[in-house]
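Chemist: I'd like to ask you about the structure that follows.
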Amino acid sequence: MPQPGRVIISEAELQTRIVELGAELARDLAHERPILVGVLQGAFLFMADLIRATPIDLTTDFIGVASYAGGKSSGQVRIVSDLSVSIEGRTVVVVEDIVDTGLTLTYLKRTLEARHPRSLRVCVLVDKVERRTVDVAVDYVGFTIPNVFVVGYGFDYDGLYRNLPYVAALEGE
Ligand code: IMP
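With the numbering used here applied, the sequence shown has no gaps in its numbers, which climb one by one up to 174 at the end.
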């Protein structure tokens, strides 16, 4: 059974960087009352910390997508739980846990752009640049990491380990 091993991003590193990201968002979007769209489930911890680090008027919503089964990419992406409000004419920031191949984000951006937001930005906690198979623009990146499968701080393996307060490599696969 694979287990969380080496720490890749510590709790302190997460909090420091998220405060910086929040300040960037606040600076860029101060007068736009953005809607931050968290991508479930992985981004819910990041979202909670990020909005508390973003001291401007904003609203939140969540969208649920399924793209992975047990840690392997299926290449298939679908919305399993949609937004509860319209984003037409709104300044939207998609808050995503990780960009790996880029398939999920590409699909999400296309889907949300079709709803005619005023603008659409993407804020991602972790970028695995090496693994990218489709080119997709990301506006705010927390950390760039090498090609390791990570768990903790929202990241799961078969639904487990989301509750770790740090990001660790999954070891023993
Ligand atoms: P992509 O479509 O390949 O870019 O994958 C994005 C999704 O894959 C993320 O939203 C995660 O749910 C999942 N994912 C990719 N890499 C990891 C990882 O290292 N740990 C946990 N989930 C991952």
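Virtual Cβ for every residue (Gly too), placed ideally from N, Cα, C. Since the structure is predicted, the reported quantities are computational estimates derived from the model, not experimental observations.
#1: Identify which residue in Asp159, Asp157 and Glu131 has its Cα closest to the Cα of Pro147.
#2: Determine the burial state of Pro118: buried for a count of at least 16 other Cβ atoms within 10 Å of its Cβ, exposed for fewer.
#3: Counting Cβ pairs closer than 8 angstroms, one from the segment 33-45 and one from the segment 5-15, do we hit at least three?
#4: Between Arg34 and Asp58, what straight-line distance do the alpha-carbon atoms span, to the nearest angstrom?
#5: On the CB-based measure, 16 or more other CB atoms within 10 Å of its CB, does Val135 come out buried or exposed?
#6: Determine, using beta carbons only, whether Leu161 and Tyr154 come nearer to each other than 9 angstroms.
#7: Assuming the contact rule is C-beta atoms closer than 8 angstroms, Leu126 and Phe144 should be a hit. Round their C-beta distance to whole Å, please.
#8: Excluding the 5 residues flanking Pro5 on each side, which residues of the same chain have their C-beta closer than 8 angstroms to its C-beta?
Modeler: Taking the coordinates as given:
#1: Glu131
#2: buried
#3: no
#4: 5 angstroms
#5: exposed
#6: no
#7: 7 angstroms
#8: Val152, Gly153, Tyr162, Leu165, Ala169, Ala170, Leu171 and Glu172
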